[in-house]
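Trainee:
Numbering (the UniProt record's numbering), first residue to last: 1 to 108.
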């Protein structure tokens with residue numbers, strides 16, 4: 001699960017790493033749910049297109065009042081959680097190559 005927003009510079013800089021991981025592992029029982037903290041639907045959809053985010057994306061367009069972000073205690077973005085098949089959090093806040101390393105470990 002990847003928490004991000006179109007207006008978040010660090011999120012947008014991290015997106016190429018996430019795209020690379022998705023492309024590499026999507027056929028190995030790995031997917032991503034993007035949860036946006038955007039308030040502008042237009043900006044959110046443009047960022048999805050511009051950054052070529054090919055996985056499921058959701059947003060209630062409530063910004064920091066997003067209930068999913070609150071339930072995961074997200075206090076800053078980018079923020080991500082690697083979940084096992086049962087939905088248990090097994091890693092969090094994996095950036096850059098750390099994401100690929102974790103996926104190599106868990107998706108053998």
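Virtual Cβ for every residue (Gly too), placed ideally from N, Cα, C.
In chain order, what residues of the same chain lie with their CB nearer than 7 Å to the CB of residue 102, ignoring the 5 residues before and after it?
Mentor: Taken in chain order, the residues that qualify are 82, 91 and 94.
Trainee: To the nearest whole angstrom, what separates the beta carbons of residue 53 and residue 80, a pair I think is in contact under 8 Å?
Mentor: With 8 Å as the limit, residue 53 and residue 80 do not qualify as a contact, their Cβ atoms being about 13 Å apart.
Trainee: Out of 34, 39 and 23, state which residue places its alpha-carbon closest to the alpha-carbon of residue 11.
Mentor: Closest by alpha carbon: 34.
Trainee: Among 39, 9, 25 and 8, whose alpha-carbon lies nearest the alpha-carbon of residue 99?
Mentor: Checked all of 39, 9, 25 and 8; the closest Cα to residue 99 is 25.
Trainee: If contacts are defined as beta-carbon pairs under 8 Å, then residue 43 and residue 7 qualify, I think. What distance do you get, rounded to the angstrom?
Mentor: Sure, about 7 Å apart at Cβ, within 8 Å.
Trainee: Just verifying my parser: in three-state terms, what is the DSSP assignment at residue 82?
Mentor: Residue state, collapsed to three classes: strand.
Trainee: Could you give the residue range of the alpha helix (DSSP H) that holds residue 112?
Mentor: An answer regarding residue 112 cannot be provided, because it is not within the stretch 1 to 108 covered by the chain.
Trainee: Bridge partners of residue 4, per DSSP?
Mentor: Answer by DSSP bridge pairing, in chain order: 36.
Trainee: Within 10 angstroms of the Cβ of residue 37, are there 16 or more other Cβ atoms? Answer buried if so, exposed if not.
Mentor: Buried, because 16 or more other Cβ atoms sit within 10 Å of the Cβ of residue 37.
Trainee: Nearest-angstrom Cα distance between residue 107 and residue 31?
Mentor: Near 12 Å, if we compare the C-alpha coordinates of residue 31 and residue 107.
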